[in-house]
Each structure stands twice: as C-alpha cells, then as structure tokens.
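Everything below concerns the one structure shown next.
Protein chains: 2
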Amino acid sequence: MGGDHAPERIVEGAVEAATMARDGLEVVLVGDQGVLVERFSSLIHGLPIEIAHAPEIVAMDEAPTAAVRRKRDSSVAVAMNLQRSREVQAVVTAGNTGAAMASALVTLGRLPGVSRPAIATVLPTSDGATLLLDVGANTEVQPANLLEFGIMGSLYAEHVFQIEAPTIGLLSNGEESGKGTDTIIAAHRLLSGSSINFIGNVQGSDILTGAANVVVCDGFTGNVILKFTEGIMSLLTAGLKRGLSRSPLSRLGALLMSPVFHQLRTELDYEEYGGAPLLGIDGVVIICHGGSTAKAIRNAVRVAGRMVQEGLNEHIKERMNSIHARDIQS
Amino acid sequence: MGGDHAPERIVEGAVEAATMARDGLEVVLVGDQGVLVERFSSLIHGLPIEIAHAPEIVAMDEAPTAAVRRKRDSSVAVAMNLQRSREVQAVVTAGNTGAAMASALVTLGRLPGVSRPAIATVLPTSDGATLLLDVGANTEVQPANLLEFGIMGSLYAEHVFQIEAPTIGLLSNGEESGKGTDTIIAAHRLLSGSSINFIGNVQGSDILTGAANVVVCDGFTGNVILKFTEGIMSLLTAGLKRGLSRSPLSRLGALLMSPVFHQLRTELDYEEYGGAPLLGIDGVVIICHGGSTAKAIRNAVRVAGRMVQEGLNEHIKERMNSIHARDIQS
Chain V
1 MGGDHAPERI VEGAVEAATM ARDGLEVVLV GDQGVLVERF SSLIHGLPIE
51 IAHAPEIVAM DEAPTAAVRR KRDSSVAVAM NLQRSREVQA VVTAGNTGAA
101 MASALVTLGR LPGVSRPAIA TVLPTSDGAT LLLDVGANTE VQPANLLEFG
151 IMGSLYAEHV FQIEAPTIGL LSNGEESGKG TDTIIAAHRL LSGSSINFIG
201 NVQGSDILTG AANVVVCDGF TGNVILKFTE GIMSLLTAGL KRGLSRSPLS
251 RLGALLMSPV FHQLRTELDY EEYGGAPLLG IDGVVIICHG GSTAKAIRNA
301 VRVAGRMVQE GLNEHIKERM NSIHARDIQS
Chain G
1001 MGGDHAPERI VEGAVEAATM ARDGLEVVLV GDQGVLVERF SSLIHGLPIE
1051 IAHAPEIVAM DEAPTAAVRR KRDSSVAVAM NLQRSREVQA VVTAGNTGAA
1101 MASALVTLGR LPGVSRPAIA TVLPTSDGAT LLLDVGANTE VQPANLLEFG
1151 IMGSLYAEHV FQIEAPTIGL LSNGEESGKG TDTIIAAHRL LSGSSINFIG
1201 NVQGSDILTG AANVVVCDGF TGNVILKFTE GIMSLLTAGL KRGLSRSPLS
1251 RLGALLMSPV FHQLRTELDY EEYGGAPLLG IDGVVIICHG GSTAKAIRNA
1301 VRVAGRMVQE GLNEHIKERM NSIHARDIQS
C-alpha cells in the first residue's frame, strides 16, 4: 500500500512479474484485503498471486521509527513478519524508505558479521551498470563499515549481476590512495588488504563510466548523488520540452528521433534495474522509489527472486565469517 | 601556460575578453615570452594585452606543493606575484588546480576573518544558476567553515550575480534540520542564527532545480558532485551518438533539432559561467577547468573583472569583521 502510485502500479508490477515468471515465483500482495479483492481479483485470477491482509498504511511522510512502533498492522510490518515466519522469502516495497529499513532491522535483524546494513542502488553506465552503496542507511561510517559495504557489494555483483571477480572502487576526491577524508584513507588500507578485487579510489566522474562494477561510499554522499541524478533527469527533460515548444521543425526532428530518445531513456532509467536492495539484513528486502512504475516493481520482484535463488545472504554470511577476523579486526 | 589547450585557447579567450571589454579591462598574459610573442603578437596587436615573462610551467599532474616550492618562475607563481605587487588585480588559470590554490594561499594569503578559503562553482538550473561551494579546497570541514562558506557564497551571489538577498541552502541527506552528519546538524544551527538568508537543508535533487541560489557543502561532497556532473554529460553525449548512428531518419531528426540541442548545451554548459572562483583569499583568483575552451577563459576573465569592480573582497572582509564575534564564536 506504500508509494505514490499504490496500490495500482504495485499490483500491476506484481502481475507482470508473476506472468513472466518461469521459475516458480509466487507473489503475495500485502495490503487492505477488501480493496485488493474488490479492485484486482479479476486481474490476478489464475496467477500465482495471493493476498495477505494488512489494514494499516505508513504514510510517505510519517516519522519512520514511530510508525514502525505504532502501526503493527501496516503493510510493511505485516510483509516483514511474513518473511520472518518464512511464509515469504523476500519483501519488495515502494513505501516510506525509513519505515521499510527500520521494520526490516527490527523484524529480520542483521546477518551475523555485518555491523551496518547498507542500501545499494544501480546506476546506468554506457555499457552496463554500477552498484553504488551506501545510498542512505548510514549517514556517518567507520572505515570497517566501508569494507563491509565493499564485500557485500562484491558478492551482490558476483551473484546477482553474474560478474566474475567484480571490481570495487572507493569513492574519493582523487585517485591517489592518500586522497580523501581520514575515514576514506583508512578504508582504502582495509580494502587493499581484503580478498575482494579492490581497484582503489574512484572519483565522481568514474561512477557513470563504469570504471568499477561496485562503488563504495558513506550514506550521506551516496544519498546526495542518488538525488542529484534525479535532478539531472528532470532538468534535461524540462530543457528539451522548452526547446521543442519553439518551432515545428524541432518537433518534427524530435518525432524522427523518438526511437533514439526512447533507447537513451531506457539506458538511463534506474527503474530498469529494479529498486535498491537493503544488504546485510537477515532477509531479502528491496526498496523501490516512491514513484515507481509497474515496470520498476516488476523488475524489483525479479531481482528479489534472483537474490533468493542465488542464496546471496548465505554467501555474505560465509564470507563475513571466514574473513571477519582477518579483515575487520586487523 | 597551464591547461590542456594552453597557450592557444587561453590566449584566444584573453583576446575575446579584451576585445569585448568596455570597462577598461586590461589583460596580462603570463607565460614564456618567446613563445607568446612569436605565436600571438599579431593576434594581440592593438588590444589592451601585455605579456609578462614566466619561463617555467607546472604540469597538470605535478604534485602541487612541491611544484609551488620549487618552480618560483612558473606562470602561476609569476601571476600570483603580479597580483601581490598590485600590478594585476586578478588571476585566471586553467592549470594545475592544487598548484593554483597553494600558490594563491602562500602568495596572497587569506582575508582577515576567513579560516578556510573555498572553491565555488556555478551549476546550471532550468532558470538560472546555483553557486556550489566548497568543491575541493577542504576535504574535511568544521561547522564554522560551512558558515563562512555560506557568508562568502551569499556575498558572491549578491555582488557578482546581482541577486538581492540570495537564498542559501545547506546540502544534506534530508530537509529536516536534524538530518545529516553531526557537522551538518551543527552547521545548520550556526547558519540559522546568522544574518544571511538561510533556507535550511537542501538535498541533491535541489541543486539543479535552483531551490537555493547558493548551496554549501564540504569539499569532498562538492568535488564528487562536480565530477559526477562531468560524467553525466559524457554519458548523455555517448548515448545520443550511439543512437544516431543507427538510422538515417534519426540523423535527419537530429539535424532538425540541432538548435534545441545547442540551446540545451549552452544552458547546461558550466563554461558559460566562467570558472570557479577561489573565495576567501586576499585577492581574486579564478580556477578554470583544464580543458577550458576560449569561451570559458573569456567568461572567467569577465567574471574576475566583475569581482574586482564590485569589490567583493571588501564586502567579505567587512561582513566577517562585523559578524565574526557573533556568528563564529557563539
């Protein structure tokens, strides 16, 4: 029930995911049963989709921790509880990000060996995608947290993107190992000594060129970048529209170019990549943009399915277990 | 002599600035006299342009502090000395940023009351521009530094952009005053109690919408954003080119749309805004991108002229003087 276009776009996305699934994927819609049955029962008929009742809703602008404490029957709380009791294996939400995070932490807890979960997001590059984390779960971080983000990001890229020995970069204000804040410089040392494929510092300009498969940063910087990206897309769209309104010839040109624009939009569209996984919790949770379309939800559901199938959390637990003593405490 | 296209683009930009000037602006080209006379004397003939000899050059990839210490006759060092001895009133450089900053600090020093100078950059918005600072001079900052950046940015916007009571925002990962790192939260308090027109926290998405005339941040975050912007422009250009190579109809469309693209490029082109002023030093220094075109240099020279004419540093000194005790030490 969360998100700017709930429940319509959410249900449509779930329907698309269930329709396209060839791997036994089943979807549980968590929300007001009366509303869901009345409006969508014909749409979901015959598909592997169930409904779980949740009478309450956390609003997009509600204070997260208070909402999680107070609204035990909200759709996000009920969904997390379903995962805790293993009735579902993953939760996808487009609702209040803070509430989803707080609810996941309280209900599912952290994976052993992970001190700080992180939100990862996928940004497009000219020939693929870069995983950026953390983009908002941790405003301030310690060097060891950045190492954990690197390890989790590396395993995500390996098992979900299917990239062998993915490259990991540390976001800084210069390429040299001595560049950055004291935290970044210390994290550079930790990452260099770890078992992942660390390629050193990367800069802001490297994020979109795909210089590294995974870019690690604190949640403050990551959040600023993520939101800045949204701002750029609106600026470009507004500028293009304003320009086109000036002459009929430009409009004809735009018509002829529309396949190119469409392709470009698809390449740059983070919705293609299906939401932001919350890594490091003992469960699978994907947080989608509040304005997510059906396509974004569909892709998020499919990514969640892949995370479960690939047993990502088992890999994270195993790696944290085997290297924790060596990497974190050295 | 510094920059990727020196001395050609630099001299051309200086010539354009001197040609367009109606306000008694005079340009001194600082560099190898032999080279400059041989290649450009006919170009600068009859214009208010002189040459000052500087036999050495700091390379773009040279370690800044060592270069400044060792190369006393580099073009950047000679230019700063000319400003110190008041033979010129401003320096514009497209050379090694670190060397320009170190040289300015050593030769010109800080303005009284300013503890940390900052590099400001101008980013385009759909209906104007946003001044973002710091974008690289200070990797780590204290709350009082962010207040100083706010004050200097406010005076710059007022006197150079000619905006009355410009709005100042503090970059954070949420709009509420409690959002951000401890440093950001403390800076929010300082800025709220100051005499500038502080509108509170702004987010990454607000930078390009022009939500504030001036956005204040630490030099680490600012540097990442600045470089990320460059990455976006290359990604868009590459995507468009790739798309256009696919069909003749798209290429015809692009031809018809070219005035729109041109306009959009101009709006988004930070070169229009003429380099990044180094604020807080006892002098006027504008640092241009290494790849600056003649247009960028021309605009930087004109902005430098405006900074001198408007007496920006006098305003900064005065404000720092009158509010230092109240704002910084409270």
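Protein sequence lines correspond, in order, to chains V and G.
The first sequence: position 110 = 110 (the numbering used here), numbered continuously.
The second sequence: position 88 = 1088 (the numbering used here), numbered continuously.
Where is the CB? At the ideal position from N, CA and C, for every residue including glycine.
The structure displayed is predicted, hence computed values, not measured ones.
Using a C-beta to C-beta distance shorter than 8 Å, which residues of chain V count as neighbours of residue i?
i: E1140 (chain G); result: T181, D182
i: A1238 (chain G); result: S126
i: N1299 (chain G); result: Residues of chain V passing the Cβ test: none, with the nearest at roughly 20 Å.
From the DSSP secondary-structure annotation, give me the bridge partner or partners of residue i.
i: T93 (chain V); result: V:I287
i: E38 (chain V); result: In DSSP, E38 (chain V) forms no bridge with anything.
i: P1277 (chain G); result: G:I1286
i: H1005 (chain G); result: Paired residue(s): none; H1005 (chain G) is not in a bridge.
i: S1074 (chain G); result: G:E1056
i: T209 (chain V); result: The partner list for T209 (chain V) (beta bridge, DSSP) is empty, contrary to what the question assumes.
i: V1214 (chain G); result: G:L1131, G:I1168
i: R1110 (chain G); result: G:I1281
i: L29 (chain V); result: V:I51
Mind reading off the beta-carbon distance from residue i to residue j? Whole number of angstroms is fine, and I expect it under 8 Å.
i: A383 (chain V); j: V301 (chain V); result: Residue 383 (chain V) falls outside the range modelled here, since chain V spans only 1 to 330, and no answer is possible.
i: A102 (chain V); j: V68 (chain V); result: 5 Å
i: I1049 (chain G); j: A1018 (chain G); result: 5 Å
i: R3 (chain V); j: A94 (chain V); result: Residue identity differs from the one stated: residue 3 (chain V) is Gly in this sequence, not Arg. Yes, they are in contact, since the Cβ atoms of G3 (chain V) and A94 (chain V) sit about 3 Å apart, within 8 Å.
i: L131 (chain V); j: I207 (chain V); result: With a Cβ gap of about 10 Å, L131 (chain V) and I207 (chain V) do not count as contacting.
i: S1194 (chain G); j: L1146 (chain G); result: No, S1194 (chain G) and L1146 (chain G) are not in contact; Cβ-Cβ is about 11 Å, not under 8 Å.
i: V284 (chain V); j: A304 (chain V); result: 5 Å
i: I1168 (chain G); j: G1150 (chain G); result: 5 Å
Identify the contact partners of residue i in chain G, using a Cβ-Cβ distance below 9 Å as the criterion.
i: A296 (chain V); result: Here the premise fails: no neighbours, minimum Cβ distance about 18 Å.
Start and end of the alpha helix (DSSP H) containing residue i?
i: V1301 (chain G); result: 1294-1309
i: F1149 (chain G); result: 1143-1159
i: P64 (chain V); result: 64-70
i: T1125 (chain G); result: No alpha helix (DSSP H) holds T1125 (chain G); the beta strand (DSSP E) holding it covers 1118-1125.
i: L312 (chain V); result: 312-323
i: T167 (chain V); result: Looking at the DSSP string, T167 (chain V) is not in any alpha helix (DSSP H); the run it does join, the beta strand (DSSP E), is 167-171.
Check the Cβ of residue i against every Cβ in chain V and list those closer than 7 Å, keeping chain order.
i: L1278 (chain G); result: Neighbours of L1278 (chain G) on chain V: none; closest Cβ ~16 Å, over 7 Å.
i: G1136 (chain G); result: N173
i: S1250 (chain G); result: L256, M257, P259, V260
i: N1096 (chain G); result: Within chain V, no residue comes near N1096 (chain G); the closest Cβ sits about 13 Å away, beyond 7 Å.
So the beta strand (DSSP E) residue i belongs to, where does it begin and stop?
i: T130 (chain V); result: 128-133
i: H1045 (chain G); result: Element bounds for H1045 (chain G): n/a, residue is neither H nor E.
i: E1050 (chain G); result: 1049-1053
i: I1199 (chain G); result: 1197-1202
i: L191 (chain V); result: Taken as a continuous stretch (DSSP letters only), L191 (chain V) belongs to no beta strand (DSSP E), being part of the alpha helix (DSSP H) at 182-192.
i: G136 (chain V); result: Taken as a continuous stretch (DSSP letters only), G136 (chain V) belongs to no beta strand (DSSP E), as it is neither H nor E.
Given that residue i touches chain V, what residues does it touch there, using C-beta distances under 9 Å?
i: A1254 (chain G); result: G253, L256, M257, V260
Taking residue i as the query, report the chain G residues whose CB atoms sit under 7 Å from its CB, ordered along the chain.
i: S177 (chain V); result: Correct list: empty, because the minimum Cβ distance to chain G is about 14 Å.
i: I232 (chain V); result: L1208, I1232
i: N145 (chain V); result: Correct list: empty, because the minimum Cβ distance to chain G is about 14 Å.
Given that residue i touches chain G, what residues does it touch there, using C-beta distances under 8 Å?
i: L226 (chain V); result: G1204
Q | Residues within the region 1077-1089 of chain G neighbouring chain V, beta-carbon criterion of under 8 Å | A | Hits within the stretch: zero.
Q. Can you list, in chain order, the residues of the region 194-220 of chain V whose Cβ is nearer than 9 Å to any Cβ on chain G?
A. Listed by position, the residues of the region 194-220 of chain V near chain G (Cβ gap below 9 Å) are Q203, G204, S205, D206, I207, L208, T209, C217, D218, G219, F220.
**Q.** chain G contacts made by the region 117-134 of chain V, where a contact means CB separation under 8 Å
**A.** So the close ones are P124, T125, S126.
(Q) If the cut-off is 8 Å on Cβ atoms, which residues from the region 308-327 of chain V count as contacting chain G, listed in chain order? (A) Flagged: no residues at all.
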